[in-house]
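Here it is in structure tokens:
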């Protein structure tokens with residue numbers, strides 16, 4: 001059975017990260033953007049990270065420019081924006097595509113594991129979130145309109 005441990009991603013510093021290293025943690029994987037109506041969710045994501053990081057919880061942010069070209073910056077610009085405007089300290093990854101032929105294999109897997117509305121596998125917009133348990137399984141998918149605060153109870157159950 002496939003789990004998150006079967007994937008390797010690239011950090012925003014260009015380093016390979018084997019997600020096998022994240023087994024044992026509860027993860028919230030999010031496709032993000034800096035110029036989106038949902039961008040203020042960075043604040044809520046950071047609050048979740050601060051609230052639960054000592055209990056082996058982590059947020060992984062994956063910038064994506066596929067929706068309305070709302071993430072045009074490079075890795076340094078994105079990291080600076082997130083830190084200055086929202087105090088983000090959770091890990092940011094390299095920019096990815098989440099849909100289409102060039103989609104990240106991680107996102108392709110998560111979309112199949114937790115389908116969206118009406119069984120859809122595509123991601124509709126920025127700030128779609130996937131909750132991953134300590135064994136690396138996708139537990140639930142949340143839409144962009146689901147605030148980070150509304151996910152806290154589900155995170156607590158897994159911790």
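In UniProt numbering, the protein residues as written are 1 to 159. All residues carry an ideal CB built from backbone N, CA and C; glycine is no exception. Computed from a prediction, not measured in an experiment: that's the story for all the values here.
Return helix, strand or coil for residue i, following the three-state DSSP convention.
{"i": "residue 75", "result": "helix"}
{"i": "residue 129", "result": "strand"}
{"i": "residue 106", "result": "helix"}
{"i": "residue 114", "result": "coil"}
{"i": "residue 18", "result": "strand"}
{"i": "residue 45", "result": "helix"}
{"i": "residue 134", "result": "coil"}
{"i": "residue 35", "result": "coil"}
Closest to residue i by CA distance: which of the options is it?
{"i": "residue 100", "options": "132, 66 and 89", "result": "66"}
{"i": "residue 43", "options": "138, 87 and 63", "result": "87"}
{"i": "residue 81", "options": "19, 34, 15 and 21", "result": "34"}
{"i": "residue 141", "options": "25, 1 and 121", "result": "121"}
Which value, in whole angstroms, describes the spacing of the CA atoms of residue i and residue j?
{"i": "residue 72", "j": "residue 17", "result": "23 Å"}
{"i": "residue 108", "j": "residue 98", "result": "7 Å"}
{"i": "residue 129", "j": "residue 29", "result": "6 Å"}
{"i": "residue 102", "j": "residue 94", "result": "14 Å"}
{"i": "residue 162", "j": "residue 118", "result": "Residue 162 cannot be examined here, being either before or after the span of the chain that is shown, 1 to 159."}
{"i": "residue 113", "j": "residue 27", "result": "15 Å"}
{"i": "residue 149", "j": "residue 58", "result": "15 Å"}
{"i": "residue 133", "j": "residue 23", "result": "8 Å"}
{"i": "residue 3", "j": "residue 63", "result": "22 Å"}
{"i": "residue 116", "j": "residue 144", "result": "11 Å"}
Should residue i go down as buried or exposed, given a rule of 16 or more other Cβ atoms within 10 Å for buried?
{"i": "residue 12", "result": "buried"}
{"i": "residue 111", "result": "buried"}
Compare the C-beta of residue i against all C-beta atoms of chain D and say whether one is closer than 7 Å.
{"i": "residue 67", "result": "Absence of chain D from the displayed structure is noted, only one protein chain being present."}
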